[in-house]
Amino acid sequence: GAVVSQHPSRVICKSGTSVKIECRSLDFQATTMFWYRQFPKQSLMLMATSNEGSKATYEQGVEKDKFLINHASLTLSTLTVTSAHPEDSSFYICSATGPSLTYEQYFGPGTRLTVT
Amino acid sequence: SQQGEEDPQALSIQEGENATMNCSYKTSINNLQWYRQNSGRGLVHLILIRSNEREKHSGRLRVTLDTSKKSSSLLITASRAADTASYFCATDDWGSEKLVFGKGTKLTVNP
């Protein structure tokens, strides 16, 4: 149980285009989802917290207009990187918690974004 | 800034040996969690220890927590090559669902 999927697993896009990454909780309802980015050989940095049906809460320094997060249902959150630039290239990981999964976060497999 | 700091940053051992990783944090916590990440993959939750617990076991994993020193350790006994991965501790601020991750320890278990 508690499986989280992400799609796509890898994406290459051209500078200036937008990319959408999906995060789904497959067997539980995720009241809260989190989006992280991870640079090579570094730790995860929280970008934003999203609750179903409400606006995402962004961490300091994260541009909300660049990283659009939508949590439209209890099983789906999306992260859209708008007007992507090469410096946005990174590993993006989502995680989810649900009402019965107190404190533990269940992570998706990540999405490798490369902006050329 | 990140709250958790793992030590060592990298650890290389032989199969069968024990691996110990340490984590320090700065503020009061509700619980501390350890996660594992294989290269280029997502994180897998290993174990959660609450602030009122001092030690917890799960299979070959043993976690300790010393809230007076704001530190935790993860011990993997009888390591296997398949244990090769990066290990992260993560803490939450009391009452918050958000996790703050340490920099991680890259463990290599040589067969």
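Residue numbers (this note's numbering), protein chains in the order written: chain U, 993 to 1108; chain Z, 90 to 200. No residue lacks a Cβ here, since even glycine has one placed at the ideal position from N, Cα and C. The structure presented is a predicted model; accordingly, all values stated were derived computationally and were not measured.
What residue from the options has the CA that sits closest to residue i's CA?
i                      : options                        : result
residue 1019 (chain U) : U:1013, U:1036, U:1066, U:1048 : U:1066
residue 1074 (chain U) : U:1085, U:1089, U:1064, U:1055 : U:1055
residue 1047 (chain U) : U:1071, U:1030, U:1028         : U:1071
residue 121 (chain Z)  : Z:198, Z:168, Z:135            : Z:135
residue 159 (chain Z)  : Z:96, Z:118, Z:100             : Z:118
residue 102 (chain Z)  : Z:151, Z:172, Z:115            : Z:172
residue 139 (chain Z)  : U:1106, U:1095, U:1033, U:1107 : U:1095
residue 1106 (chain U) : U:1097, U:1040, U:1042, U:1032 : U:1032
residue 1085 (chain U) : U:1005, U:1040, U:1021         : U:1040
residue 193 (chain Z)  : Z:168, Z:157, Z:128            : Z:128
residue 1060 (chain U) : U:1027, U:999, U:1000, U:1077  : U:1027
residue 1044 (chain U) : U:1029, U:1063, U:1053         : U:1063
residue 149 (chain Z)  : Z:105, Z:197, Z:195            : Z:105
residue 1030 (chain U) : Z:200, Z:199, Z:197, Z:190     : Z:190
residue 115 (chain Z)  : Z:157, Z:151, Z:141, Z:162     : Z:157
Within 10 angstroms of the Cβ of residue i, are there 16 or more other Cβ atoms? Answer buried if so, exposed if not.
i                      : result
residue 90 (chain Z)   : Here residue 90 (chain Z) scores only 38 on pLDDT, less than 50, and its place in the model should not be relied on; the value that follows carries that caveat. So residue 90 (chain Z) ends up on the exposed side.
residue 1009 (chain U) : exposed
residue 170 (chain Z)  : exposed
residue 98 (chain Z)   : exposed
Taking the DSSP output, what are the residues bridged to residue i?
i                      : result
residue 154 (chain Z)  : Z:161
residue 195 (chain Z)  : Z:99, Z:175
residue 146 (chain Z)  : Z:151
residue 1039 (chain U) : The partner list for residue 1039 (chain U) (beta bridge, DSSP) is empty, contrary to what the question assumes.
residue 124 (chain Z)  : Z:134, Z:177
residue 1048 (chain U) : Bridge partners of residue 1048 (chain U): none, in fact.
residue 999 (chain U)  : U:1014
Is the beta carbon of residue i less than 9 Å from the beta carbon of residue j?
i                      : j                      : result
residue 1015 (chain U) : residue 1069 (chain U) : yes
residue 144 (chain Z)  : residue 154 (chain Z)  : yes
residue 1038 (chain U) : residue 177 (chain Z)  : no
residue 1099 (chain U) : residue 996 (chain U)  : yes
residue 95 (chain Z)   : residue 111 (chain Z)  : yes
residue 125 (chain Z)  : residue 185 (chain Z)  : no
Quick one: is residue i near chain B, going by C-beta distance under 9 Å?
i                      : result
residue 1000 (chain U) : No chain B appears in the structure shown, which is made up of the protein chains U and Z.
Say yes only if the C-beta of residue i is nearer than 8 Å to one or more non-hydrogen atoms of the ligand NAP, and no if none qualify.
i                     : result
residue 190 (chain Z) : In the structure on display, the ligand NAP does not appear, and there are no ligands present to speak of.
Complete beta strand (DSSP E) runs within the region 1004-1035 of chain U (minimum length 3 residues, chain order): 1011-1017, 1024-1030
Taking only runs of the beta strand (DSSP E) that begin and end inside the region 1069-1095 of chain U, which ones reach a length of at least 3 residues, in chain order? Those beta strand (DSSP E) runs which fall completely within the region 1069-1095 of chain U and span 3+ residues are 1082-1089.
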